[in-house]
Every structure is written in structure tokens, then in C-alpha cells.
Amino acid sequence: MKTTMDQGLRQNSRKGVGAYYWHAIWAVVLSFQLAHVQAAGLKLQAIDFTTLPGDNLQLQLSLSGPASSPRIFHTDNPARIALDLPGVGNELEKKLIPINVGGAQSIQALEASGRTRVVINLTALTPYTSRVEGNNIYVTLLKNKGGSFAEAPSYAAPPIRAPSEFEDKWSGREIRNVDFRRGENGAGRLLVTLGDPKTVVDIREEGRKVIVDFPNTALPSTLARRLDVQDFATPVQTIDSMMDGNRARMIITPLSEDYDYSSYQTDNLLTVEFRPLTKVEREEIKKKAFAFSGEKLSLNFQDIPVRNVLQILADFTNLNIVASDTVQGNVTLRLNEVPWDQALDLVLKARGLGKRQEGNIIRVAPLDEINKQEKEELEAQKVVEELEPLRTEIIQINYTKADDIKQVLVGTTEKTSPSSSQPAPSITFPGYTGTSNTTTGQEVSQSILSGRGNVTTDPRTNQLIVKDTARNLERVRDLIKKLDIPVRQVLIESRVVIANNDFTRQLGSRLSVRGPEDNLVISGGGTGANAGKVTTTTNSQPGPLSTFGATATGTAGSALTSLAAASPFASAGVTLLKAGDFLLDLELSAAQTENRAEIISNPRLVTADQTKAVIKQGEEIPYQTTVVAGGGASANIQFKQAVLELNVTPHITPDDQILMELLIKKDARGQQIQTASGTQFAIDKREIDTTALVSNGQTVVLGGVYEATKQNTTDKVPFFGDLPGVGFMFRRNSVTDNKRELLIFITPKILRQFVGTP
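Taking the numbering used here, the leading residue of the sequence shown gets 264, the next gets one more, and so forth.
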């Protein structure tokens, strides 16, 4: 009975579990169907774009329902950003939407295989961010000021993983694996697995090598190696992976120049593909490099007039060719399948002719005639400028001094070498006679203004008042627009560290004899001024057999040897021998001094690019000098600086590094020196004068001085000091070990600019 009931319970239990599993499966199927129905109804309805402050471009993708995070990847060559929208249809009227704003050229949306892909075509790879709000997907293209693919917030959370050895230092940005594979048609693929999909990637071509940089990314030591992939039969020969400062770098060396490369990134996998070029592609590249692109023709003539050849080329190209009357002579030609523009150049060079093309009209004449005509046109234009009326314009200067801009506009003057044999050239036209700007033996101005123009400044309002022709005023405005920009600033911080570690030890002895009249009494107690003092009294009774002093004590009597420590911190005395009323006493003394000191000076300052800055702190030390004049001497007081000084002139390079001309001083008052004029002070000099190139925010050691002094000194009585066992009573040992170190650090930082350029 019990067995039957247990079996029934087990059957019911199995039925309940089975029913539970079936319900769960149906729930999953229904959820997938519901999601499919919802996704199937989503449509991409519109794409809009707008410009944000800071020259950023925002793209808005509007869907018919709630949007989900898209799958985003980008390629470097060509520069594109692609968004995959699974389960979303395309209802846009145009497949290609032109933008031509900032770095974006166009947007293309295509629907295939149940998804819509939106491709953003760029002129160059640009940093971007993405977010989802309701029915809209926003993609913001950031203005790329650094010239590299900058960091952008992630559009999806990275997978959960265990922290690596570089987690703390590099915030999870590291290269996890480097692999190489052979693709289709002999293409080579470099596969780089990244720890963070947001990792910055900068790919460029330098010479015959392709450089892949990962700023602020760590490369494990196991991956820092060379991969020889020549056996894969691809355009790639070697791949060198290394750490370069705070960035990982890969140098890819191709076998030859017959290759083309592209890159794209999907999640945390970066692929750089090298594709060999076909024969047709190589021919196309050669055609682009060839200077002549005209249609090919064949010419075979014997002693034909040049004018007839020009007529043939005009009929072949349908261009208008105007030949001067001075174009004469014959030429022999045998050209087979040569571009017509190359054939024209060969004919002109053979007869010393030149050409000038304006639109579809080609003018042919001897070179001397063309040069003369152009010179006359320029001189006529100069005459027009000399007669053109002048205008006055006031230009506001924002970020620099008006006097500095004026100096650029006025320019400098150069003096030509004098020559008496060649007079100054003159320009003569009907109704005008003048001289050229270049006059032998006179100053020639390099001014931006014309000969009649002038410029003045108003320091109160920082404005320029320019008077010149209308054409030259336009050039002046364009030049000022490029010069009047905010100058970048640099925070320069230095640290001067002086560390001392001094050690001195002395061990000595003193041997003396005391007679009946030299007795030593030690008063260890007492109060007041007599507490703990050693006094000597006269007593017929002999002294104690031994005396030990917790403080520095000595024995009264005649010294046989005096080799005690110079400044003992402890001493001990003992009576070695008693003979009648005489005692032989031994005093041992010891002293040890340790001195550790660390002085840190931290001057810092902010200055503009290419601007010298100085900061000082310290004292001026007076010293007396004697001046002898008129048969007499007079005292004169002068001052000399002993200061901490930072003198720097920074220059920010285009790649955000700082080149600095540095003078750092840490002077201090030194020891006293007795001179005829009295007590003077020496100055301890610590100074470095150098030029250094430092990356933004990095700290480098400019220099340092390390001094170490080790000295062992032994003072002893000849022969007795070398005796074994008792030699210590006749010698004094001194050990000195001093270390001094000077280190100078520098840290430059480029300050963020909050003011936009005009």
C-alpha cells in the first residue's frame, strides 16, 4: 500500500515538473514572437542633423517605436561609422542624404536581411558618442582637435570580466591578443583583441611602414615581440609590437609597395587588412602618378613646321590654340601612343617655346616674349595700385597687443648691396614715371602694406587703424584673422630635491698616570651647579681602583697618550695598574653622529606659448668691496642673489609636446669667509641650464648630482698601536660616510582653453 502511494506521488511530481517545463518553453516562444512582432513594426522614418556648440554635429535617427541600442562599428580606410538596426525597416525616401558639414560627407541607409544599416561617410575618422532616448537614436560627431580618434562614451556596457594586471594603471585599456591570418586572395589580416571597445586607435602610413598606435593602452610583456609572417604569402613581412611611453605601438612592415590597407573595428576586435594590388590597380596608380593625362595619339612627321603641329593638336583636342607671329621653325616627330599634352610640351621645349592656358584657350609664344608680357602686365597692375584711392579701416585686436600686430604688418627692412655700375631701374609709362621698390644700396621694406599704406595703433582700445587700398585691406584682414588667436598656456612645475645622509663614528682612548697629589673625585649627586661635576682634590689616600662615568669623565694626571674622541658622547675610565701612590688609568671614549635631511623646493608658474617666464624666491646677501680712487679708498656695499629661480620659455609642438628652454637655480648662503674687508659669505650654487622636450603631463628628471664621501682615519702611537690585544689603548679610529644627492624634476601641463577662436 505504501509503495503504491509513493509511486503515485512520484508520477504526479513528474507530471507537475513536465507541465512546468512546458509552460516555461511556451512563455519563451511567445516572448520571442512578441518581440519579433514588435521589431517587425519598427521603421526608420527620418534622419536629421544639426550643429551643436563647439562645432560638434548631432545626427538624429527617428524610429516609429521605442528604439534599442544599435550595434556600432567603424572603419578607418575608408572613414565610416556604421549602425546596425536589427528588425528595423527603412522608410526613408532617399537612400543617400548629403551632409557636407564638418567632417561628415553623407549618410546612407540600406535595408537587407531583416535589418537596416546606417552608414555615416566621413572625410577622416572622428570621435563620436551615441545614446538612445525614446524613439530616437542620437549620434554626436565630436570636433577632433588632436588629430586622432579620441575617447567616446560607450554605447553598450562591456562584458563582465576579471581585472587584469593593468587594471589599476590603465583603467582596463590593454591589448589582450595579437594574431595574424591569411584571408581571401592572399590578403593579410592583423587581428588585435582589445580589453575595452572604447580604446583609441590611430593608424597612419610612414614611409614604407604602417604604424598602429593605441594611446593610454597597455601591452603585456608576453605580446611585446616580433611576428615574422612572411610564410603566409601576404603583403605583410613583419609585425613589431612594443610599448612606447604610455601607448602601445605596432609597426607593420610590408614586403613591397604593391598593397592597399584598410581597418575596421567590431566591438573589441580591431582588424587591419592588407590586400595585394592587381595588375590593373597598379596601372591605375601609375596613371595617377603620371603628370600627363591627355588622350593618346601618334605623330610621325619629317621636318614639319611647328605651326602645323599646333594646328593638328588643336584639331585633335578641340582646344583653342593661339600662336604668336614669332613662332617659327620646323620639327621632326615620331611619337607612338603619347598623351597629347606630353606631345605639346615636347614640341614647345624643342623650339624654346612656352604656353599659358586660360580656360580652353592655350597661348603659345617664345619664352622671352611670354615673360616680357607678364612683366609688363605686373608693372601695369602696380601703376593701377599706385593710383587707386586709399581707404581707412579700424580693426579690433582681441588676443594680442595691437603693437605686435603692427610690427608684423610693417615688417623689417633689408639693405641691398651697393653697386655703382648698375643704376636703379625705372618704370616709365604714359602719364607715369616711378622707381621700383628694389633700389641698389638702399633699404628695401618687407611690409605687408602697399607703398602708400600705413598703420597706427590705439593702445587704449587695442585697435589698429589701417589706411591702404581696398585690395590690400582685404589681405590685411585675412592675415590678422590668422594671427589674432588665443595663445595656449602651459603650467610648468619643477621640484628640486636635496637629500643628505651623513654618518660619523669615532672610537678613542686616553692613557694617563696619577700621582699622590692627583686624586680624582666623582660627585654623582648634588644639586644646582655642582650636580654631576668632576672635581680634583689633594689627598694622601690613593683613589679608587676603577672609575666609570655615565657622563663624559676624565682622569686627572699626566697623559701618556691623548687619543680620545673629538666630541665624545660617552666615556668610561678604568685603572689598569697601581704601584705605590701611582695609578695607570685608561679612558675609552666614543661618539657617533647621524644626520639625514631632505629639502624639497617646488616652484611653479603659468605662461603662454613662446613667452618667457621667471619666478624667484630667496635673499640678497650684502658684501663689501673697496674702491680705490683719487689716492684714497672707499667702501662700497653690493648685493648678490641667493635665490630659488625657475626661468622657462615653453614651445608647444603640433603633437602636444612641450619644448622648453630651462634655467633652474637653487642657491643658498654658504660658509663665512674672512677677508680684508671683513666677514663675507660664500654662495652654494645649484643650477641647471638645458633644453628639454617633454610630453604633456609627464614628469622627467632633468639632471642630478650624487656625491659620496667615505673616509677612514686612524691616529695611533707608532709600534704600540699595532700591538695585538692592547693596541686599542694607543690609537683612535674615525669613520665618515657622507652622501649627498641633488635631483631636479620638471612637469609641464597644457591648460585647457575655454575661449574659442574668432
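Beta carbons are placed, not taken as given, at the ideal position from N, Cα and C, and that holds for glycine. This one's a predicted model, so the numbers in the text were calculated from it and none came from an experiment.
_Exposed unless 16 or more other CB atoms sit within 10 angstroms - verdict on L956_ = As a working note, residue 956 is residue 693 in the sequence shown. Exposed.
*Closer than 6 Å by C-beta to P1011: which residues in its own chain qualify, once you throw out the five before and the five after it? Chain order, please.*
Indexing the sequence shown from 1 puts residue 1011 at position 748. Around P1011: V753, I755, I921, V957.
_Proximal residues to I567 (C-beta, below 8 Å), its chain only, five neighbours per side dropped_ = As a first step, residue 567 is located in the sequence shown; it is residue number 304 there, counting from the start. Closer than 8 Å at the Cβ level, and outside the excluded window around I567, lie N593, V594, T595, L596.
*asked:* Tell me which residues share the same chain as P478 and place their Cβ nearer than 8 Å to its Cβ, disregarding the 5 neighbours each side in the sequence.
replied: Counted from its first residue, the sequence shown places residue 478 at position 215. Around P478: S411, V463, D465, N509, R510.
*I748 - DSSP class collapsed to helix/strand/coil*: Residue mapping note: residue 748 aligns to position 485 of the sequence shown, counting from 1. Reduced to three states, the DSSP call for I748 is coil.
_Given this structure, state the Cα-to-Cα distance separating K559 from I584, to the nearest angstrom._
Locating residue 559 in the sequence shown gives position 296, counting from the first residue. Locating residue 584 in the sequence shown gives position 321, counting from the first residue. Rounded to whole angstroms, K559 to I584 spans 18 Å at the Cα level.
_Can you look up Q709 in the DSSP assignment and give me helix, strand or coil?_
For this step, residue 709 is matched to residue 446 along the sequence shown. Looking at Q709 - three-state DSSP - the assignment turns out to be coil, as it is neither helix nor strand.
_Member of G622, L653, G617 whose CA lies at the smallest distance from the CA of E637_ = Numbered from its first residue, the sequence shown carries residue 637 at position 374. Ranking the options by Cα distance to E637, first place goes to G617.
_Rounded distance between the beta-carbons of R758 and I863, thought under 8 Å_ = Counted from its first residue, the sequence shown places residue 863 at position 600. Counted from its first residue, the sequence shown places residue 758 at position 495. Confirmed, Cβ separation roughly 6 Å.
*Would you call the segment 541-550 and the segment 568-578 touching, i.e. three or more CB-CB distances under 8 Å?*
no
*Look at I1040 and G933 and say whether their C-beta atoms are less than 8 Å apart.*
This structure cannot settle anything about residue 1040, because the visible part of the chain is limited to 264 through 1021.
*What is the DSSP secondary structure of R614, reduced to helix, strand or coil?*
Mapped onto the sequence shown, residue 614 falls at position 351. The answer is coil: DSSP assigns R614 none of H, G, I, E or B.
*asked:* Would Q323 and Y391 qualify as a contact pair, given that the criterion is a beta-carbon distance under 8 Å?
replied: Against the sequence shown, residue 323 aligns to sequence position 60. Against the sequence shown, residue 391 aligns to sequence position 128. Contact: no.
*Buried or exposed: which applies to T589, given that a residue is buried once 16 or more other Cβ atoms fall within 10 Å of its Cβ?*
As a working note, residue 589 is residue 326 in the sequence shown. Its Cβ having fewer than 16 others within 10 Å, T589 is exposed.
_Supposed contact pair L326 and K306 - C-beta distance, whole angstroms, cut 8 Å_ = Counting from one through the sequence shown, the residue named residue 306 turns up at place 43. Counting from one through the sequence shown, the residue named residue 326 turns up at place 63. That belief holds up - the Cβ atoms of K306 and L326 are roughly 7 Å apart, short of 8 Å.
_Proximity to S331 [Cα-Cα], best of V395, R439, D930_ = Numbered from 1 along the sequence shown, position 68 holds the residue referred to as residue 331. Per the Cα distances, V395.
*How about I335 and S393: do their beta carbons lie closer than 8 Å?*
What you label residue 335 is simply residue 72 of the sequence shown in a count that begins at 1. What you label residue 393 is simply residue 130 of the sequence shown in a count that begins at 1. Yes, these two residues count as a Cβ contact at 8 Å.
*Run through the segment 576-601 for me and flag every whole alpha helix (DSSP H) of 4 or more residues, listed as ranges in chain order.*
none
*Take the Cβ of G451 as the centre, count every other Cβ of all protein chains shown within 10 Å, and call the residue buried at 16 or more, exposed below.*
As a position in the sequence shown, residue 451 is number 188, starting the count at 1. Label assigned to G451: buried.
*Tell me which same chain residues have a C-beta within less than 8 Å of the C-beta of P629, skipping the five on either side of it?*
For the purposes of this step, residue 629 is taken as the residue at position 366 of the sequence shown. Only S587, T589, V590, G615, L616, G617 meet the Cβ criterion.
*G941 versus I915 - alpha carbon distance*: The sequence position of residue 941 within the sequence shown is 678, counting from 1. The sequence position of residue 915 within the sequence shown is 652, counting from 1. Approximately 50 Å between the Cα atoms of the pair.
*Less than 8 Å separating the beta-carbons of I668 and L1005?*
Numbered from its first residue, the sequence shown carries residue 668 at position 405. Numbered from its first residue, the sequence shown carries residue 1005 at position 742. Against a cut-off of 8 Å, the Cβ pair of L1005 and I668 comes out as no contact.
*L598 and L562: beta carbons closer than 8 Å?*
On the sequence shown, residue 598 is found 335 positions in, with the first residue counted as 1. On the sequence shown, residue 562 is found 299 positions in, with the first residue counted as 1. Cβ distance < 8 Å, so L598 and L562 count as in contact.
_Candidates Q887, N634, N910, of which the one nearest A939 by Cα_ = Position 676 of the sequence shown holds residue 939. Here the closest residue by C-alpha is Q887.
*Start and end residues, alpha helix (DSSP H) containing I633*: What you label residue 633 is simply residue 370 of the sequence shown in a count that begins at 1. 630-650 is the extent of the alpha helix (DSSP H) around I633.
*Among V890, N398, K1002, which residue has its Cα nearest to the Cα of V968?*
Mapped onto the sequence shown, residue 968 falls at position 705. The residue with the shortest Cα to Cα distance from V968 is K1002.
_Please state the DSSP three-state secondary structure of N479._
Numbered from 1 along the sequence shown, position 216 holds the residue referred to as residue 479. Reduced to three states, the DSSP call for N479 is coil.
*Is DSSP giving E547 helix, strand or coil here?*
Taking the first residue of the sequence shown as 1, we reach residue 547 at position 284. If DSSP states are grouped into helix, strand and coil, E547 belongs with the helices.
*Tell me the DSSP bridge mates of K730?*
Locating residue 730 in the sequence shown gives position 467, counting from the first residue. BP columns for K730 point to T655, N717.
*How would you call L346, buried or exposed, if buried means at least 16 neighbouring beta carbons within 10 angstroms?*
Here residue 346 is taken as the residue at index 83 of the sequence shown, counted from 1. The residue is buried, with at least 16 neighbouring Cβ atoms inside 10 Å.
*Is it true that the CB of K472 sits closer than 8 Å to the CB of T516?*
Counting from one through the sequence shown, the residue named residue 516 turns up at place 253. Counting from one through the sequence shown, the residue named residue 472 turns up at place 209. Yes.
*Looking only at its own chain, which residues have a Cβ that is under 7 Å from the Cβ of D491, when we skip the five neighbours before and after it?*
What you label residue 491 is simply residue 228 of the sequence shown in a count that begins at 1. Cβ within range, chain order: T501.
*Residues bridged to S757 by DSSP?*
Numbered from 1 along the sequence shown, position 494 holds the residue referred to as residue 757. Answer by DSSP bridge pairing, in chain order: I1009.
*Name, in chain order, the residues that DSSP records as bridge partners for D465.*
For the purposes of this step, residue 465 is taken as the residue at position 202 of the sequence shown. DSSP, once it has assigned bridges, lists D476 as partnering D465.
_With distance defined between alpha-carbon atoms, name the residue in R436, N398, V911, N725 nearest to P483._
Numbered from 1 along the sequence shown, position 220 holds the residue referred to as residue 483. The candidate whose alpha carbon is nearest that of P483 is R436.
*To the nearest whole angstrom, what separates the beta carbons of L388 and H337, a pair I think is in contact under 8 Å?*
For the purposes of this step, residue 388 is taken as residue 125 along the sequence shown, with counting starting at 1. For the purposes of this step, residue 337 is taken as residue 74 along the sequence shown, with counting starting at 1. At roughly 7 Å, the Cβ-Cβ gap stays under 8 Å, so L388 and H337 are in contact.
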